[in-house]
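Contents: one structure, followed by commentary.
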Amino acid sequence: MQTTTRAIHGEPTYTRVKREPTRLLSLYNTAPQAEITLEEFELYALDRLQILRSIESLRLRGMKGDEFRMKLEEIISACMPMTLGTAEEVRKDQISHFILRIAYCKTEDLRRWFLKHESELFRFRLERLDSNERAKFMEQSGLAYDVVSKEDVLRLKAQLQAVPIFSQQPGYGQGIHTVEVTRTQFFRIPFTQALDLVAHRQVFLEGGFAYVPVERLVSIIVARFRSSLSRGLLEAFGAMPYVLTDGRIAPLVSNMAKQYTGKDFSGTKTGDSLDLNDLDMLADRSMPMCMRVLHKNLRLEHKLKHWGRLQYGLFLKGAGIGMEDAIQFWEKEFTKIMTTDVFNKQYAYSIRHYFGKEGKRKDYTPFNCSKIILGPGPGHGEFHGCPFRHYDEANLNKLLERAGVGAMDRDEMIKLSKGQHYQLACMKHFETTHKGAESLISMDGVGNHPNAFFAASMAFYKEKNGEGGRRGGSPNPSSQTSASSAGPGEDAGDPASPHGESMEIGTGEGSPPA
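1 is the number of the first residue of the sequence shown in the UniProt record's numbering; add one for each residue after it.
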């Protein structure tokens, strides 16, 4: 990095840093060798995770083009500024990438998620470079492609001119256009490195090589990045046994993918309280499907097993139910099939525990969508989890139909679920049942956290009807972000679990006692 120093009479010498954005773009082929504190380890990773989760959220909300780029720029500036290419910025960028690479290498689903959103971040940063900066990055990264000579361009002019290009580039507008051959630089690239462009017929092929116009080079570089990162994730998976031998970082790495980085729903705030008498109405009107299933089956069976109690109990806590009301709510339901003495001995303690009043006095936070989706699935007689993740097509269709979702919307949600877009299916459910919500309220976090779904629904009805719940106000989560998470059904008319086989699940390390 180039610097210039300047002494001014009567003032201290200072250093002016020349902007070098290419230093902040990397194929991450080599892990950095650096000392780092445990605090930096976690904070660096969570800052980058916030950016990747934001990319996912913006896409789930249908943002694209300039709107997407502007919003993502704001998020990056707030979480992990990457402007000058200073040594500290480069250090944080490199370290945070490799921490998350380790955290997200454990399963195919995690690898796919990380690969998708890291590639999108890479593309965003690559597209911000001008042509000279991009050429410099290619040179630094060993991406040396053959430039097609002017003679060959003229020889192939007719073929190159005939290739249609879909573009959103400045100066072209949106839509189909053809290359201005004599004014465009072309690169000769093995077609196996340009499969995406080949599939969309956006390049000319000759002798096993693709002739790629400079404006399409971004796709080639991103494809190389994806391929390299995909191999790197598998290598990281092979190294996991070694990483987990370090007791200092093993818990951080193991739980990183389940960390929530959005609004803090850790406890009841003043004015957030809900009336227990409203819960049946709110379950139908404002709860996401995962919590509606738990509520309905609790009312029908008068009990929930450990993971169901924990998932629903922490949700109610984040929604505004205080500890005394929570104990009253669960006692009233459970004592329909057991004595008060049994309830107090076996269940009341765990409620006080996740409110931070017993045991380690840790104030547990509600489960976010990632934790629910990646956590243990429901076994026989259990109703926790995410219906869009854990229900088969027939049961999911039946559940949505009983919830009043129309046939076309059901089909779309089921299609999204089959494509493993569970959170997008949940967001579609919100949009279907809250028509026009986007113009009235903020939908931040919907599809990422059940309590964000609930809070947005309450805000929607408050704006629409001046209601906000018959007696309780709209939840008002704090603006802080939370990096903590607690240790990780069918409709009332059909209490069957989505799975027929019995599966015993323990309480899990770090979760409140059963």
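Ideal Cβ positions, reconstructed from N, Cα and C, are used throughout, including at glycine.
Everything numeric in this text was worked out from a predicted model, so none of it was measured.
Other residues of its chain near residue i: CB distance less than 8 Å, five sequence neighbours each side excluded
i	result
C369	C386, Y422, Q423, C426, G447, N448, H449 and P450
S119	V222, F225, R226 and L229
P32	R91, Q94, I95 and F98
K345	none
Secondary structure of residue i, DSSP reduced to three states
i	result
P81	coil
D444	coil
F209	strand
I337	coil
V163	coil
I189	strand
V147	strand
F137	helix
F204	strand
E108	helix
H429	helix
L27	coil
E35	coil
A158	helix
K345	helix
D130	coil
R48	helix
E118	helix
E73	helix
A319	helix
G419	coil
K64	coil
D325	helix
R361	coil
Contact under 8 Å by Cβ, residue i with residue j
i	j	result
A257	A103	yes
M80	K71	no
H390	G379	no
W330	E382	no
L233	L115	yes
R248	L58	no
K303	I337	yes
M289	H434	no
L126	V212	no
L300	E333	no
L400	M413	yes
F41	L244	no
T365	V405	no
L52	L121	yes
H384	Q328	no
D325	L276	yes
G208	P190	yes
M281	F454	no
E88	M82	no
Member of the options whose CA lies at the smallest distance from the CA of residue i
i	options	result
F315	F367, K398 and M443	F367
R134	S26, K360, L396 and E431	S26
A319	L279, R69 and L110	L279
E215	Y347, F187, L300 and R112	F187
E393	Y354, D363, V163 and Q420	Q420
G416	S439, F388, V405 and T432	One detail in the question is off: residue 416 reads as Leu in this sequence, not Gly. The shortest C-alpha separation from L416 is found at F388.
R48	Q311, P32, S77 and F68	S77
H353	G375, M323 and Q328	M323
K317	D363, D341 and E40	D363
L195	L294, K305, F454 and I220	I220
R183	V198, L197 and S149	S149
L374	Q50, R61 and K106	K106
E74	L60, F124 and R112	F124
L294	R285, G313 and T30	G313
V351	K371, D130, A407 and R309	The amino acid occupying residue 351 in the given sequence is Ile; Val does not appear at that position. Considering only alpha carbons, the answer is R309.
Close Cβ partners of residue i (< 7 Å) along its chain, the five nearest in sequence each way excluded
i	result
I441	A456, A459, F460 and E463
residue 515	Outside the displayed range of the chain (1 to 514) lies residue 515, so it cannot be described from this structure.
Y44	K92, I95, S96 and I99
F343	E331, F334 and T335
V181	V153, K157, L160 and Q161
L60	Q423, L424, M427 and G447
Q193	I220, A223 and R224
Close-in-space but distant-in-sequence residues of the same chain around residue i (CB under 6 Å, 5 per side omitted)
i	result
H97	Y28
Q159	F204
D146	R188
K305	E382
F237	C105
M443	A456
D409	T432
Legend entry - Contained beta strand (DSSP E) runs [length at least 3] in the segment 222 to 308, N- to C-terminal order: none
Inset, instruction - Can you check the segment 365 to 414 for any beta strand (DSSP E) of at least 3 residues that lies completely inside it and give the ranges in chain order? - result: none
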